[in-house]
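Mapping to this note's numbering: the sequence shown position 379 is 383, numbers consecutive. Yeah, the Cβ is synthetic: ideal placement off N, Cα and C, and Gly gets one too.
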Amino acid sequence: MRKVVFGKPGAFFDLFERRPGQIKTNMHYCPGCGHGILHKLIAEALSDLDMQKDTIMVWPVGCSVFGYYYFDAPGISVPHGRAPAVATGIVRSRPDFNVVCYQGDGDLAAIGLNELIQAANRGENITVLFVNNATYGMTGGQMAPTTLPGQKTQTSPYGRSIENEGYPMKICEMVSALDSPVYVERVALSTPAHIRKARAALRKAFSYTKEKKGFSLVEFLSACPVNLKMSAEESDKWIQEKMIAHFPLGIYKDVGADRNPKTPATPEYDKAIVKDILYPQDDELGAGAVPADDFIFKIKCAGFGGQGILSMGLMIAEAAHQQGFQVTWLPSYGPEMRGGTANCSVVVSSRKIPSPIVEKADLMIIFSQLAMDKFKNGMEDGGTMIYDENNVVSLGEKPANCRIIGMNASEIAKNLGDARIANTLMLGAMSVFMRRISRSSFLKAIRKSFARKEKVLDINLRAFGEGEKTISKAVAEKI
Ligand SMILES: Cc1ncc(C[n+]2csc(CCOP(=O)(O)OP(=O)(O)O)c2C)c(N)n1
Ligand code: SF4
């Protein structure tokens, strides 16, 4: 008799509060996507094996990058392909934790292949869950190392050619050929019977990790209906009929019974050394052309892809650099293919900058409702926020500690002749609050940014001036 389980496993949040926007109950995956099924299997296993509190999920780039929206378990997001490398650092410094990497085929078999093979060969005590959907899902369906011969993708419109691109890469076969790994299995998520096997494989890998037996890999053949341009049902059939023929299912290696648990070395951790690296002493700081006072100014620009958010941040950074300041620019763009968010953090300082991350902004530029909801509580006391009234419908509960100014930036930009210049307009507006950077430095930054786009330089220079004027008027009216 099988037990039927209703409801969410305990390792999922009751409500997905971390998900931006209004939807807090559904996952962001497309209908029929294998990621959702696998997430549920993981959450159940974490709960049932009592691993929820001491398992660190490592999420690299790919459609599953937002795994942390769903799991009420420790986790870390890492750069593309770097999961096994980061997992190695974690497991060596905190061997008391279980570490699980969750990787797509682009992530694991292309950009991150070396990390995977090296970690497997070292026999790190981690589980790697490998989601093979034969394509790069998040970026819109490019060819992956696991794309099937003849399979059409965005970058193989005539079908993958074996002569040109070689055969699909067989990761389980490669990893199981190494001596160190303890357990390697390939399963599928295409039928209930396969899902049951996948569930068992995942639990076996988790148990080995918990018992400190070494490196485990489970590959899941998984559907990406959107990029296969098929329905959910057709995609599962495609896995059954086509994918399994290239990627035979089964256990490739299982030597868990013969392995003793690893005894990890005790890590050394010296707080003083870490502090020295993060916060260098004054005599190590070069102040450049700027007097070495304690000036540090943090800016956040946020909206969605296509609004010029990142280039606006670059222009601020360039202007500050022109002025002789130290500067960092940290972009962050929504990785999912369906409607991406974009934001960047810029730190301007007269001293070396310990971290490019802006948790509390002195100045914030907001270009979308999603960005407003997400970042409005990240203002420094006494800071200034300027937002585009044409794209933000509601401020919601206003943060009390800062000045908030609305500006119909998109509309003014349109009236000036091009909606795309709203970012330079905002740049002009924000420049009014950055008096340590001169107007001419900003203008130089704009000229540099449009050096290869002479045609639109003029209109951008005008937009900058218009932004300055509009905000000065708005501020004067408020006072
Ligand atoms: C260093 C770097 N290179 C490229 C990208 C663009 N990128 C984002 S996701 C992705 C592919 C993800 O595909 P896969 O790992 O198969 O995961 P899926 O989305 O299919 O789940 C790429 C190339 C990036 N974000 N970072
Ligand atoms: S694009 Fe593909 S892998 Fe990404 S969520 Fe949609 S179906 Fe899943």
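Just tell me which of 438, 476, 249 has its CA closest to the CA of residue 409. A check of alpha carbon separations from residue 409 across 438, 476, 249 identifies 476 as the nearest.
Which value, in whole angstroms, describes the spacing of the CA atoms of residue 109 and residue 93? Residue 109 and residue 93: Cα-Cα distance of roughly 22 Å.
What three-state label does DSSP hand residue 316 in the structure shown? DSSP, read as helix, strand or coil, puts residue 316 in helix.
If you count every other CB in all the chains shown that lies within 10 Å of the CB of residue 445, and 16 or more means buried, which is it? Flag for residue 445 reads buried.
Which first and last residues belong to the alpha helix (DSSP H) in which residue 239 is found? 236–242
At what residues does the beta strand (DSSP E) containing residue 150 begin and finish? Element bounds for residue 150: n/a, residue is neither H nor E.
I need the boundaries of the alpha helix (DSSP H) containing residue 38, first residue and last residue. 38–52
According to DSSP, residues forming a beta bridge with residue 131: 104, 220
Roughly how many angstroms separate the alpha carbons of residue 294 and residue 326, rounded to a whole number? A caution first: residue 294 carries a pLDDT of 46, below 50, which makes its placement in the model unreliable, though a value can still be read off. So the two alpha carbons sit approximately 11 Å from each other.
Measuring straight from C-alpha to C-alpha, what distance separates residue 455 and residue 212? 57 Å
Do residue 155 and residue 164 have their CB atoms nearer than 8 Å? yes
Buried or exposed by the 16-neighbour rule on C-beta atoms within 10 Å, applied to residue 47: buried
Establish whether the CB of residue 256 and some CB of chain D are separated by less than 8 Å. Among the chains in the structure shown there is no chain D, since it carries only a single protein chain.
Does the Cβ-Cβ distance between residue 453 and residue 315 come in under 8 Å? Their beta carbons are under 8 Å apart, which means residue 453 touches residue 315 by this criterion.
Spell out the partners DSSP gives residue 136 in its beta bridges. 225
Which residue marks the beginning of the alpha helix (DSSP H) containing residue 452, and which one marks its end? 443–453
Would DSSP call residue 55 helix, strand or coil? coil
Is residue 228 near ligand 2, judged by its Cβ being under 7 Å from some heavy atom? yes
Can you find the residues in the same chain that come closer than 7 Å, C-beta to C-beta, to residue 340, ignoring five residues on each side of it along the sequence? Note that residue 340 scores a pLDDT of 47, beneath 50, so its modelled location is shaky; the value from the coordinates is reported in the next line. Contacts found: 32, 67, 142.
Residue 19 beta carbon less than 8 Å from that of residue 28: yes
Would you mind giving the Cβ-Cβ distance between residue 302 and residue 366, rounded to the nearest angstrom? I have them listed as a contact below 8 Å. 5 Å
Does the distance from the C-beta atom of residue 111 to that of residue 65 stay below 8 Å? yes
Does the beta-carbon of residue 249 have 16 or more other beta-carbons within 10 angstroms, so that it is buried, or is it exposed? exposed
Count the C-beta pairs between the stretch 220–227 and the stretch 133–147 that are closer than 8 Å, then say yes if the count reaches three, no if not. Taking 8 Å as the limit for Cβ pairs, the verdict is that the stretch 133–147 does touch the stretch 220–227.
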